[in-house]
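2 protein chains.
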Amino acid sequence: MKATFGEYIKQLRTDNGLTLTQLAFQLDLDSANLSKIENGKREFDEKRLEKLANAFDLDLEKLKTEYFGDQFAKKMYQYNCSPETLIVAEEKVNYLKSINVKQGEIKFDNEK
Amino acid sequence: MKATFGEYIKQLRTDNGLTLTQLAFQLDLDSANLSKIENGKREFDEKRLEKLANAFDLDLEKLKTEYFGDQFAKKMYQYNCSPETLIVAEEKVNYLKSINVKQGEIKFDNEK
DNA sequence: TATAATTTTGTCAATTATTGACAAGTTTTA
DNA sequence: TAAAACTTGTCAATAATTGACAAAATTATA
């Protein structure tokens with residue numbers, strides 16, 4: 120899997136013989152906007168990952184990996200970040216996990 | 120370097136004997152908001168990275184690595200992404216670079 | 001070829017998120 | 001204990017994102 124997330128969706132959709140309208144309906148989206156997503160002109164909203172997984176019977180975890188990997192890649196490309204950035208990210212994830220084992224949970228706004 | 124970006128700024132600031140007000144001035148920020156940034160309650164705006172680099176005579180590239188690494192780590196922690204996400208990100212950066220060598224540049228809105 | 005279906009693009013108001021600013025509170029320092 | 005430094009809460013202003021629709025372009029098919 121090397122494509123962007125939009126290209127990936129398009130691939131899934133066409134492989135399964137769906138039109139934009141059909142998939143957009145399942146994702147609770149306008150077909151015009153799904154087109155933009157597939158062509159990289161709009162972002163796919165994280166909230167719809169589960170619907171996308173259901174639409175094609177995909178593993179949500181794998182989908183998340185594709186999705187966030189894509190987001191990070193876009194940012195890195197856009198800002199010309201060094202590959203080192205990803206190593207730093209890995210360290211910092213571990214750091215965040217370690218301090219939260221000790222100190223309880225960080226609250227993010229997407230949690231209730 | 121394992122700390123969050125906010126902790127990193129605080130470290131730099133205190134090591135150099137600056138108050139919030141003093142550093143905030145250099146960053147064109149309100150000291151109250153800088154406090155929130157240091158404590159992870161607000162985001163540091165990418166546009167201020169250069170000012171931060173100047174304030175402490177840091178290499179902008181290294182700062183970017185810390186900054187974006189921190190952003191990715193937060194997202195991964197927040198959404199409980201697998202470590203694999205970073206490998207996917209690396210592949211996709213290369214993919215983006217390869218298609219743009221071939222096809223010309225992707226335009227991002229932050230470019231003029 | 002025409003016409004129907006599909007996809008793409010443009011636009012814009014509405015919603016949502018982020019920011020700057022200031023007041024008020026707390027903690028630290030001298 | 002007074003001043004300085006830091007933190008927290010709030011909110012209007014600004015900015016970014018989204019949904020929706022119209023219309024243009026492309027593709028498929030009768």
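Heads up: the protein sequence lines correspond to chains U and W, in order.
Going letter by letter, the first sequence gives residues 120 to 231 in our numbering.
Going letter by letter, the second sequence gives residues 120 to 231 in our numbering.
Glycine residues also receive a C-beta, built at the ideal position from the N, C-alpha and C atoms.
- In this structure the region 198 to 205 of chain U does not touch the region 131 to 149 of chain U; the number of beta carbon pairs closer than 8 angstroms is below three.
- In this structure the region 182 to 200 of chain W touches the region 204 to 214 of chain U; the number of beta carbon pairs closer than 8 angstroms is three or more.
- In summary, Gly-136 (chain W) is exposed, with fewer than 16 beta-carbon neighbours lying within 10 Å of its beta-carbon over all protein chains present.
- When C-beta distances to chain U are compared with 8 angstroms, the residues of the region 123 to 150 of chain W below that value are Thr-123, in chain order.
- The straight-line gap separating the alpha-carbon atoms of Phe-191 (chain W) and Arg-132 (chain U) is approximately 28 angstroms.
- Of the residues W:Arg-161, W:Asn-158 and W:Asp-134, the one whose Cα lies closest to the Cα of Ala-174 (chain W) is W:Asp-134.
- Sequence-ordered contacts of the region 155 to 169 of chain W with chain U read Gly-159 and Glu-165 [C-beta pairs closer than 9 angstroms].
- In terms of CA proximity to Glu-169 (chain W), W:Leu-182 leads the group W:Leu-182, W:Ser-150 and W:Asn-213.
- Legend: CB atoms of the region 167 to 193 of chain U lying less than 8 angstroms from CB atoms of chain W belong to residues Glu-180, Lys-183, Thr-184, Glu-185, Phe-187, Gly-188, Asp-189, Gln-190, Phe-191, Ala-192 and Lys-193.
- Rounded to the nearest angstrom, the gap between the Cα atoms of Tyr-127 (chain U) and Asp-176 (chain W) is 43 angstroms.
- Assigned with DSSP and collapsed to three states, Gly-188 (chain U) falls in helix.
- Look at Asp-178 (chain U) here: in three-state DSSP terms it is coil, with no helix or strand label.
- Under the Cβ distance rule, Val-220 (chain U) does not count among the residues neighbouring chain W, no pair being separated by less than 7 angstroms.
- Here Thr-123 (chain W) is buried, its C-beta having at least 16 other C-beta atoms within 10 Å.
- Taking the C-beta atoms as reference points, Glu-162 (chain U) is found no nearer than 7 angstroms to Gly-125 (chain U).
- According to the DSSP assignment, Leu-153 (chain W) belongs to the alpha helix (DSSP H) that extends over 150 to 157.
- Remark: C-beta atoms of Met-195 (chain W) and Val-212 (chain U) approach each other more closely than 7 angstroms.
- Scanning W:Lys-193, W:Leu-179 and W:Lys-216 for the CA closest to the CA of Gln-197 (chain U) turns up W:Lys-216.
- DSSP places Ala-143 (chain W) inside the alpha helix (DSSP H), whose first and last residues are 139 to 145.
- Taking a beta-carbon distance threshold of 7 angstroms, Leu-153 (chain U) does not count as an interface residue toward chain W.
- In the three-state reduction of the DSSP assignment, Asp-134 (chain U) falls in the helix class.
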